[in-house]
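Going down the list, the sequences are from chains A and B.
In terms of our numbering, the first sequence opens at residue 3 and continues consecutively.
In terms of our numbering, the second sequence opens at residue 130 and continues consecutively.
Ideal Cβ positions, reconstructed from N, Cα and C, are used throughout, including at glycine.
This one's a predicted model, so the numbers in the text were calculated from it and none came from an experiment.
Structure record follows, encoded as structure tokens.
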Amino acid sequence: MNLISKELLQAKNEPLNYFNKNSLIIIGLVVLGLFLYPFISPSKFALHLLMMIFMHAVMSQSWNVLAGFSGQISLGHAIFFGIGAYASGYFYTKFQITPWVGIIIGIAISAFVALLIGIPMLRLKGHYFAIATLLIGISFQVIFQRWSEVGGSAGLYVPINRDSPWLSMQFHKSKVSYYYITLVFFIITFFLVWLLNRSKLGYRLKAIRDQSEAASSLGIHVSKYKVIAFIISAMIMAPMGSIYAQYVLIIDPNNTFSVDISILVLLISVMGGVGNIWGPIIGSSILIPISEFSRIYFGGTGRSIDLIIYGILIISICIFRPSGIVSLIPKSFREREKAK
Amino acid sequence: MTSQVIIQAIISGILMGLIYALIAAGLSLIFGLMEIVNFAHGDHLMISMFSTFWFWMLFGIDPIFSIPLTIILMAFLGVFTHYFIIRKILNSTMLIQICATFGLAVTIRALAQFFFTPDFRTIKNPIIQGKLEIYGIFIGYPQLFASFICLFAFILLYLFVTKTETGTALQATSQDRQAAEILGIPSNKMFALGWAIGLSCVAVAGSMLSNYYYVFPDVGVNFSLFAFVAVALGGFGSINGSLIAGVIIGIVESVGGLLIDPSYKLLYVFAVYLLVVILRPQGIFGRY
Chain A
3 MNLISKELLQ
13 AKNEPLNYFN
23 KNSLIIIGLV
33 VLGLFLYPFI
43 SPSKFALHLL
53 MMIFMHAVMS
63 QSWNVLAGFS
73 GQISLGHAIF
83 FGIGAYASGY
93 FYTKFQITPW
103 VGIIIGIAIS
113 AFVALLIGIP
123 MLRLKGHYFA
133 IATLLIGISF
143 QVIFQRWSEV
153 GGSAGLYVPI
163 NRDSPWLSMQ
173 FHKSKVSYYY
183 ITLVFFIITF
193 FLVWLLNRSK
203 LGYRLKAIRD
213 QSEAASSLGI
223 HVSKYKVIAF
233 IISAMIMAPM
243 GSIYAQYVLI
253 IDPNNTFSVD
263 ISILVLLISV
273 MGGVGNIWGP
283 IIGSSILIPI
293 SEFSRIYFGG
303 TGRSIDLIIY
313 GILIISICIF
323 RPSGIVSLIP
333 KSFREREKAK
Chain B
130 MTSQVIIQAI
140 ISGILMGLIY
150 ALIAAGLSLI
160 FGLMEIVNFA
170 HGDHLMISMF
180 STFWFWMLFG
190 IDPIFSIPLT
200 IILMAFLGVF
210 THYFIIRKIL
220 NSTMLIQICA
230 TFGLAVTIRA
240 LAQFFFTPDF
250 RTIKNPIIQG
260 KLEIYGIFIG
270 YPQLFASFIC
280 LFAFILLYLF
290 VTKTETGTAL
300 QATSQDRQAA
310 EILGIPSNKM
320 FALGWAIGLS
330 CVAVAGSMLS
340 NYYYVFPDVG
350 VNFSLFAFVA
360 VALGGFGSIN
370 GSLIAGVIIG
380 IVESVGGLLI
390 DPSYKLLYVF
400 AVYLLVVILR
410 PQGIFGRY
């Protein structure tokens, strides 16, 4: 019992994981600002950039839920991104089912796949699990490249529909609607993860992460909860795939099931701070602008300057500040609270 | 399908497997020493292939003569990597270690793309070329030569680790770091040596591969995946295990491709990994 209550105390003392009055006001203002932002008619690029930041923050949060809550490191999270993209795209292309339903189908399939992968794989420890997910992620890519029903390696082209933008979830005139959709998903996801962090389930998961033997001796079913964390994580990832597919309207296995996505979500989380719900936002706000701006200034000629910067940043973070950039902030918060 | 075709597939599988084995041995050695999986291993292979390519392109040195140069280069790179990156993350969590080597992989690959462009290159007219025919079975000389050199390097590595004093010190460090330090074995130097040897293995494999394989920035990806599988199959940290495992993987790859469908080659090897880690997590020769 001792260990769990210690964990509870620690969680309560993590300043950024609970809100006091001031931080609630700040968050409220930021959210309001983000909602009002399109009214000052910003450039298309600004909307695109913010959208990408939200999207990657959610994707990375999905990874962070698994790593931060259960301590398992997945190197194949693009699986669920790809499933989300293919679910909405395939059902819209073949059966004219609206992508809104497609998103839900994608979430359901992802959860099911996470269950199937999770039960045998989550018993593996450390490197074995990481490498297994890496290999499974690539297997999905190989299978979708050869699967002619979903377009093989050429992928699916979502048919253009100009008559009913909301029903077909395609907005050709402006990016504002896409912006709002991702913003809403972003806020919902972070609210749910925040709730999870404070819930009984969250405490159990963290107990497993820190002291799995102690947790198991207290009657917590370790592998069951790890699978649950994996499923939650997959369900967060899938809608982002669907939204991305509706945004670019082309779904191909090389982009959606790409190892690069799996690695990017990991790097964003580590950059921001693993296990902290603000980590993904911070990491994504730093890394995504780098890649978007480098694409503007250097062009997308395969001369991957953004990746060079990413790599060097990540290595430096690992060496100098392994707990991520977020660890720079709480310190000052903590000091201020003490002063009170 | 005649038996000849199957024998052909098995032989080319063994030849390729010996190369996988040497790459995996380097990975396994590093893991055994400090419990760090070098996710940049494939990219180190890519560097050594490019190094061989540039020695040939700029100075006209044939791959079989540039092996020592590439080994020296990669050994220095290994020590350098250890000194500037790995040394600082030795006591970090596994996640940070994975991230650091992944970051290294991303950086190396991006730098290679930046400087060398993603083009495919080949070494034209190397000294060793042509093929051998025995009873209707074809074996390319470059492949045969590469496997022999890899096997030879493997034997040297094995003798070094088991018979020499430094090798024994290396083993001692990998078994118990603290105890070895008490006996006066500087673990930091041993780690640096481990990285130098690990990357030298890759250097040999890389220079031999570039005799007949395309050289491009992403070339290491599949090799490193197969090396992970080989290391898991042979048992993390077991060098002998990686030899057998490498050969098994080579055979699974080529025979599976022949019997079922060559476009799913990767999946057969991955299936082997998943089966092994679920059924026998310590691998064939695992020490756990």
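Query: Using 8 angstroms as the threshold, is the C-beta distance between P241 of chain A and Q63 of chain A below it?; Result: no
Query: Applying a beta-carbon distance threshold of less than 8 angstroms, which residues of chain B neighbour V272 of chain A?; Result: L224, I225, C228
Query: By Cβ distance, which residues of its chain are closer than 6 angstroms to A341 of chain A, with the 5 residues on each side in sequence left out?; Result: Per-residue confidence for A341 of chain A stands at a pLDDT of 46, beneath the threshold of 50, marking its modelled position as unreliable; the derived number appears in the next sentence. Nothing listed; no residue qualifies.
Query: Using a beta-carbon distance below 8 angstroms, is A204 of chain B in contact with chain A?; Result: no
Query: At a Cβ threshold of 8 angstroms, is R148 of chain A touching chain B?; Result: yes
Query: Between which two residues does the beta strand (DSSP E) holding E164 of chain B run?; Result: Premise fails: E164 of chain B is in no beta strand (DSSP E) and is neither H nor E.
Query: Between M171 of chain A and Q248 of chain A, is the Cβ-Cβ spacing less than 8 angstroms?; Result: yes
Query: Quick one: which chain B residues come within Cβ less than 7 angstroms of G128 of chain A?; Result: M223
Query: Can you name the residues of chain B whose CB is closer than 9 angstroms to the CB of G313 of chain A?; Result: F231, G232, L233, A234, V235, T236, I237, R238, A239, L240
Query: Excluding the 5 residues preceding and the 5 following A13 of chain A in the sequence, name in chain order all residues of the same chain whose CB lies nearer than 6 angstroms to its CB.; Result: Note that A13 of chain A scores a pLDDT of 47, beneath 50, so its modelled location is shaky; the value from the coordinates is reported in the next line. The answer is none, since no qualifying residue turns up.
Query: Listed in chain order, which residues of the region 149 to 173 of chain B have Cβ atoms closer than 7 angstroms to some Cβ of chain A?; Result: V166
Query: Could you please tell me which residues of the region 109 to 140 of chain A, in chain order, have their CB closer than 7 angstroms to any CB of chain B?; Result: P122, L126, G128, H129, Y130, A132, I133, A134, L137, I140
Query: Under a three-way DSSP split, which group does I6 of chain A fall into?; Result: A caution first: I6 of chain A carries a pLDDT of 47, below 50, which makes its placement in the model unreliable, though a value can still be read off. In this structure, I6 of chain A counts as helix in the three-state DSSP scheme.
Query: Run through the DSSP bridge pairs and tell me what G269 of chain B is partnered with.; Result: B:K260
Query: Determine, for L268 of chain A, whether the minimum Cβ-Cβ distance to residues of chain B falls below 8 angstroms.; Result: yes
Query: So who's on the other strand from Y92 of chain A, going by DSSP bridges?; Result: In the DSSP output, where bridge partners are listed per residue, Y92 of chain A has none listed.
Query: Which residues in the same chain as L315 of chain A place their Cβ atom closer than 6 angstroms to its Cβ, once the five residues preceding and following it in sequence are excluded?; Result: none
Query: How should Y299 of chain A be labelled, buried or exposed, when 16 other C-beta atoms within 10 angstroms of its C-beta is the threshold for buried?; Result: exposed
Query: Hey, quick one: how far does the alpha helix (DSSP H) through H58 of chain A stretch, first residue to last?; Result: 46 to 66
Query: Unbroken alpha helix (DSSP H) runs of length 4 or more, entirely within the region 157 to 220 of chain A: which are they?; Result: 167 to 170, 178 to 200, 202 to 212, 214 to 219
Query: Which parts of the region 150 to 222 of chain B are runs of the beta strand (DSSP E), unbroken and 3 residues or longer, counting only runs that do not cross its ends?; Result: none
Query: Taking the C-alpha atoms as reference points, what is the distance between R323 of chain A and A229 of chain B?; Result: 12 angstroms
Query: Would you say A361 of chain B lies against chain A (beta-carbon separation less than 8 angstroms)?; Result: yes
Query: Take I245 of chain A as the anchor and find which of A:G104, A:W65, A:L330, A:G35 has the nearest alpha-carbon.; Result: A:G104
Query: Under 7 angstroms between beta-carbons, which chain B residues line up against V144 of chain A? List them in chain order, please.; Result: Y393, L395, L396
Query: Taking the straight line between their C-alpha atoms, what separation do you get for H345 of chain A and M319 of chain B?; Result: What is shown of chain A runs 3 to 342, which leaves residue 345 of chain A out entirely.
Query: Counting Cβ pairs closer than 8 angstroms, one from the region 298 to 313 of chain B and one from the region 165 to 185 of chain B, do we hit at least three?; Result: no
Query: Compare the beta carbon distance of I214 of chain B and L233 of chain B with 8 angstroms and say whether it is the shorter of the two.; Result: yes
Query: Note down, in chain order, every chain B residue with its Cβ under 9 angstroms from the Cβ of P282 of chain A.; Result: Here the premise fails: no neighbours, minimum Cβ distance about 15 angstroms.
Query: By the criterion of Cβ-Cβ separation under 8 angstroms, what are the contact partners of Y402 of chain B in chain A?; Result: I133, A134, L137
Query: Using CA atoms only, rank isn't needed, just tell me which of A:E215, A:M239, A:K175, A:W168 is closest to V195 of chain A.; Result: A:M239
Query: In chain order, what residues of the same chain have a beta carbon less than 6 angstroms from the beta carbon of Q147 of chain A, not counting five sequence neighbours either side?; Result: S155, P255
Query: Please list, in chain order, the residues of the region 343 to 355 of chain B that have any C-beta partner in chain A closer than 7 angstroms.; Result: L354
Query: Going by alpha carbons, who is nearest to S264 of chain A out of A:V224, A:W102, A:T258, A:G78?; Result: A:G78
Query: Could you round the C-beta distance between A236 of chain A and V60 of chain A to whole angstroms and report it? I think they count as a contact, below 8 angstroms.; Result: Their Cβ separation, rounded to whole angstroms, is 13 angstroms, which puts A236 of chain A and V60 of chain A out of contact at 8 angstroms.
Query: So Y343 of chain B and F277 of chain B are in contact, right, with Cβ under 8 angstroms, and what is the actual spacing, rounded?; Result: Wrong, their Cβ atoms sit about 22 angstroms apart, outside the cutoff.
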